Amino acid sequence: MTHRIASGIPRLLFCLAVAPAIANPQDPATPAQQLQPLLKDLKDLPDAISKAQTAEERKPLQARWAELPSRLLELAERYPRDPVAVEALTETLAHANGSSYPDTRQDSPGIRALEILRRDHLQSDKLGRACQLVLFAFHQRAETFLRAALATSPHSEVQGLACL
Numbered sequence: 000m001t002h003r004i005a006s007g008i009p010r011l012l013f014c015l016a017v018a019p020a021i022a023n024p025q026d027p028a029t030p031a032q033q034l035q036p037l038l039k040d041l042k043d044l045p046d047a048i049s050k051a052q053t054a055e056e057r058k059p060l061q062a063r064w065a066e067l068p069s070r071l072l073e074l075a076e077r078y079p080r081d082p083v084a085v086e087a088l089t090e091t092l093a094h095a096n097g098s099s100y101p102d103t104r105q106d107s108p109g110i111r112a113l114e115i116l117r118r119d120h121l122q123s124d125k126l127g128r129a130c131q132l133v134l135f136a137f138h139q140r141a142e143t144f145l146r147a148a149l150a151t152s153p154h155s156e157v158q159g160l161a162c163l
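Each residue of the sequence shown is one higher than the last, beginning at 0 in numbering that gives the first Met the number 0.
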């Protein structure tokens, strides 16, 4: 009898170790769940950078801030048909156009986000903010996007903001 109990203990320990992994599998986060930390960084990092006391404290925060547009664009490209894609692309535009001298190279995150919005999301009712963000962008791609939104969007609010 003691032999059966002694041989059952390792089995019991194995089952106890494996049970949590079976009961709570690590499913990949949904696109919306993956977007939340990025939006939090967009909101919180500027304050954290300004509150940093030394250059050493600022450096990693500035690096995170600089990579946000690429991470947002990556998320949108990974889930192109998810509604989160429009929000991620719009936030990419906001970050990319938020400086005095936005990067207008073809491969920049802001330009790629604009092209993806024009190519895949002109039917979205959430495109109005993107229209506002490129309103004063002085490059041909912004005009092309606004003209396409005006011509093909079924939403009068988006059309109005594109026309503005």
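Every residue, glycine too, gets a C-beta built ideally from N, C-alpha and C.
From a predicted model like this one, the values you see are computed outputs, not experimental measurements.
Bounds of the alpha helix (DSSP H) holding Ala-112 are 108–119. Rounded to whole angstroms, the separation of the alpha carbons of Ala-136 and Pro-108 is 15 Å. In the DSSP annotation of this structure, the continuous segment of the alpha helix (DSSP H) that includes Thr-91 starts and ends at 83–95.
Pairwise C-beta distances place the stretch 50–64 out of contact with the stretch 108–122, as fewer than three of them are shorter than 8 Å. Under the three-state reduction of DSSP output, Lys-125 falls in the coil class, being neither helix nor strand. Val-133 is the residue among Asp-46, Val-133, Ser-152 whose C-alpha sits nearest the C-alpha of Thr-91.
Below 8 Å, enough C-beta pairs join the stretch 142–160 and the stretch 115–133 to call them touching: three or more. For Ala-95, the number of other beta carbons within 10 angstroms of its own is at least 16, and it is reported as buried. For Ala-84, the closest C-alpha among the options Ala-47, Glu-55, Lys-125 is that of Lys-125.
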